[in-house]
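In my numbering, the protein residues as written are 151 to 478.
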């Protein structure tokens, strides 16, 4: 039980932390539109001067570093869990005809739980996702990740090999970067980039991001290129947290000799907000800083209710080196 709990909380922490990076991936099936179209309200100016376009220059290369910290605690008790992780990716963009091939190589991984190192080290080779994206920014396919499990197991701290192998599976990483793509690019491409523009999108039930509000605060320089600073507010499917909350409470119930099968979720909420920097003319990212907050109320044995509070931060940085950018 304890081993399964550790695996679940580590998985949830990295999913939320890495979900906000640059060009992402999906499962090995092409992305399909939801059965129900999103509801959109817009406060955009009547005549926008510029729109967000997916057009990363052919040959663009950069390093993206995702840093995430998440804390979960059972209200009114001393039970507290803290997950920290850092993932560094080497990214290269190649344009072939009407499609883009975005290659993402995991270069370094660090995972800690309550200060204890689960995995840490440079990835030699073999963990690559190749994204196939059409000219409109739609994610069509993801390839690669076949050697993920064996390579990541090599980074595990002594005694943590099984946990790391169970947590960081190829399918898990594919889902992780798929959700990242939805957060960063979803309902942004084609929208007005003029400062003051704003739109709200409500997605179909079951979507990872249930609703989002985006506001273009201003334009500013990111080195030698012009970026739009976006204020974003996301409501996320609370199931992302529910499984972890149940596992945390089950551990407490088990320690007290109770029946873990009686633990059920009564209510849950989860959201993220913050800012992102992106080039409107290319959709290349230049940074993101977000905070998350959520709560899950769980009913335990004898009808006792416990609330698991969640809070965290995500910071994403990009290094493009000295190569020229199209938006100069």
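Note that beta-carbon positions come from the ideal geometry of N, C-alpha and C, so glycine has one too.
None of these values were measured; they are calculated from a predicted model.
Would you kindly report the start and end of the unbroken beta strand (DSSP E) that includes residue i?
i, result
"residue 393", "Premise fails: residue 393 lies in the alpha helix (DSSP H), 389 to 405, not in any beta strand (DSSP E)."
"residue 281", "278 to 284"
"residue 259", "249 to 263"
"residue 295", "Premise fails: residue 295 is in no beta strand (DSSP E) and is neither H nor E."
"residue 384", "375 to 386"
"residue 463", "455 to 469"
"residue 368", "359 to 372"
"residue 340", "Here residue 340 belongs to no beta strand (DSSP E), and DSSP marks it neither H nor E."
"residue 269", "266 to 272"
"residue 348", "348 to 352"
Enumerate in chain order the residues of its own chain whose CB-to-CB distance from residue i is below 8 Å, with the five nearest sequence positions on each side excluded.
i, result
"residue 361", "350, 351, 352, 353, 384, 385"
"residue 408", "450, 451"
"residue 389", "418"
Please name the residue in the options whose C-alpha comes closest to that of residue i.
i, options, result
"residue 283", "219, 301, 245, 320", "245"
"residue 243", "472, 432, 457, 453", "432"
"residue 223", "344, 421, 398", "398"
"residue 330", "455, 444, 440", "440"
"residue 281", "369, 289, 275", "289"
"residue 234", "210, 286, 279, 218", "218"
"residue 424", "447, 364, 406", "364"
"residue 454", "257, 255, 415", "415"
"residue 457", "391, 428, 273", "391"
"residue 255", "231, 323, 340", "323"
"residue 213", "403, 238, 421, 228", "238"
"residue 405", "229, 292, 251", "229"
What three-state label does DSSP hand residue i in the structure shown?
i, result
"residue 237", "strand"
"residue 187", "At residue 187 the pLDDT is 42, less than 50, meaning the model places this residue with poor confidence; the figure from the coordinates comes in the next sentence. Three-state DSSP puts residue 187 in coil, outside helix and strand."
"residue 431", "coil"
"residue 242", "strand"
"residue 412", "helix"
"residue 327", "helix"
"residue 227", "coil"
"residue 210", "coil"
"residue 472", "coil"
"residue 220", "strand"
"residue 289", "strand"
"residue 440", "strand"
Which two residues bound the contiguous alpha helix (DSSP H) that contains residue i?
i, result
"residue 311", "311 to 317"
Sorted by chain position, which residues of the same chain lie with C-beta nearer than 6 Å to residue i's C-beta, five sequence neighbours on each side aside?
i, result
"residue 338", "202"
"residue 367", "379, 381"
"residue 459", "223, 225, 445"
"residue 107", "No statement about residue 107 is possible, as the shown extent of the chain runs from 151 to 478 and does not include it."
"residue 311", "303"
"residue 211", "242"
Rounded C-beta distance between residue i and residue j? I'm assuming under 8 Å.
i, j, result
"residue 215", "residue 464", "With 8 Å as the limit, residue 215 and residue 464 do not qualify as a contact, their Cβ atoms being about 11 Å apart."
"residue 301", "residue 276", "5 Å"
Under 7 Å Cβ to Cβ from residue i, same chain only, skipping five residues before and after it: list those, please.
i, result
"residue 335", "287, 433"
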